[in-house]
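The sequence shown runs contiguously to residue 328 in our numbering.
Structure first, then comments.
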Amino acid sequence: MKQAKTLGLIILLVCCGLTGTLFLYSLLLPDSIQIKTVSGEFKQLGDLDFHAKLKKNLIYEKDEINKEYTLYSSLLESMNLTYRYSASPAENISGEYAITLKLSPVKGGWEKEISKFENRINGPFELQIPLDWNRILSDWKQIEKETNYDFGDPNIKFQAYIRISDPFGKRQEFLQESNITYGKTIAISGSTMEGKEVYYTTTTVSNKIGFFGSKIESQTLKLAFGTLFFSLIFPTSFLALRKRRNFSDYLRKRKIRVFERKFKNKIVSLAEEVNFNNAIKVKDLKDLGKISYELEKPIVKAKEKYAVIDGETVYLYDHNNNNIKEKI
């Protein structure tokens, strides 16, 4: 029976600890969480191309090419830049652009504006920009002559700055920079630029936790674990207190057995209970044993009372009242 009670107490303690841990964990969970969902995307694309008219040639056997082909400067007759800007979604956008061409070395150092284009836009647009390479090359050589410095191949810095309101009512800025370099070939670097803006909507929803394959709201978990924990803690506490009393009683009786084995030759048992009036109360059996040893007197036992009598003085230890003040 005692083993069954002990086993039951152990099981209750384990269950109580487990449910208590789960209850504490659930208390730390937020009741609601915020979820971000994509409400819209706005994409922008800038593309710089060229349209070149060629001298008569065998390599391409055509007189016009774009950036998909290698443009050899010795074959060039005339050239236009084509800048295309597109947006998605393209509806309800408005703003303005500023496109600037500057003479500038690829590595930088100085810039000289040669042309600028500005206008308002209400959607995608395409702009044709003629390039007079004869004038550009002439200006480049003049600058090198004036500075007495070799800046390398002539280079045009292309800058497109676009500022618009997108379909979602947000202000957008789009900046693209490219270089058109004149060497044995005419090459464009940074010809394509993309921009993307993602908009989110934040929604507050009830926090749900995965539990044995199911999604349960955190508030429900708190209520369930709290109810289970408090329903277990009361019977567990009751059994633990009873077990503690039984354990304390076991320790007390064991203490008495050890004392009686040690002083068995000095203990005298009385046939009936005796009231020791005006006795000096001793708090511990060990102290009573010391007194008996020092006085060389027997220990008198009357039920649950132990006493050493020295003339009219009585030293008493009482199991039922061992935390009392001394009286002489």
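The C-beta atom is built at its ideal place from N, Cα and C for all residues, glycine as well.
As assigned by DSSP and simplified to three states, the class of aspartate 287: In this structure, aspartate 287 counts as helix in the three-state DSSP scheme.
Compare the Cα-Cα distances from serine 73 to each of Pro30, Pro154, Ala271 and report the closest residue. For the residues Pro30, Pro154, Ala271, the minimum Cα distance to serine 73 belongs to Pro154.
Have a look at the DSSP bridge pairing and note the partners of glutamine 219. DSSP output for glutamine 219 lists no bridge partner at all.
Assuming the contact rule is C-beta atoms closer than 8 Å, isoleucine 121 and isoleucine 136 should be a hit. Round their C-beta distance to whole Å, please. Not really, about 27 Å apart at Cβ, beyond 8 Å.
Under 8 Å between the Cβ atoms of serine 26 and leucine 285? With respect to leucine 285, serine 26 sits apart: the two C-beta atoms are not nearer than 8 Å.
Beta-carbon gap between glutamine 34 and threonine 202 smaller than 8 Å: Taking 8 Å as the Cβ cut-off, glutamine 34 and threonine 202 qualify as a contacting pair.
Give the straight-line distance between the Cα atoms of glycine 20 and valine 205, rounded to the nearest whole angstrom. So the alpha carbons of these two residues sit roughly 27 Å apart.
Report the rounded CA-to-CA distance for serine 178 versus serine 39, giving the unit in angstroms. Roughly 33 Å separates the two Cα atoms.
Report the option in Asp31, Leu316, Thr100, Gly17 whose CA atom is closest to the CA atom of glutamate 217. Nearest neighbour of glutamate 217 by Cα position, chosen from Asp31, Leu316, Thr100, Gly17, turns out to be Asp31.
Considering only the beta carbon of each residue, do leucine 45 and threonine 185 sit closer than 8 Å? In this structure, leucine 45 keeps its C-beta atom at 8 Å or more from the C-beta atom of threonine 185.
Beta-carbon proximity check, glutamine 172 vs isoleucine 164, cutoff 8 Å: Contact flag set, yes.
Does the contact criterion of 3 or more C-beta pairs under 8 Å hold for the stretch 283–302 versus the stretch 253–262? They touch, by the three-pair rule.
Report the CB separation of threonine 100 from aspartate 49 in whole angstroms; it is logged as a contact under 8 Å. The Cβ separation is near 18 Å, so there is no contact.
Host beta strand (DSSP E) of threonine 201 (start-end): For threonine 201, the enclosing beta strand (DSSP E) covers residues 192–206.
How would you label proline 130, buried or exposed, when you count the other beta carbons within 10 angstroms and need 16 or more for buried? Counting Cβ neighbours within 10 Å, proline 130 comes out exposed, since fewer than 16 surround it.
First and last residue of the alpha helix (DSSP H) that includes threonine 147? Looking at the DSSP string, the run of the alpha helix (DSSP H) that includes threonine 147 is 133–147.
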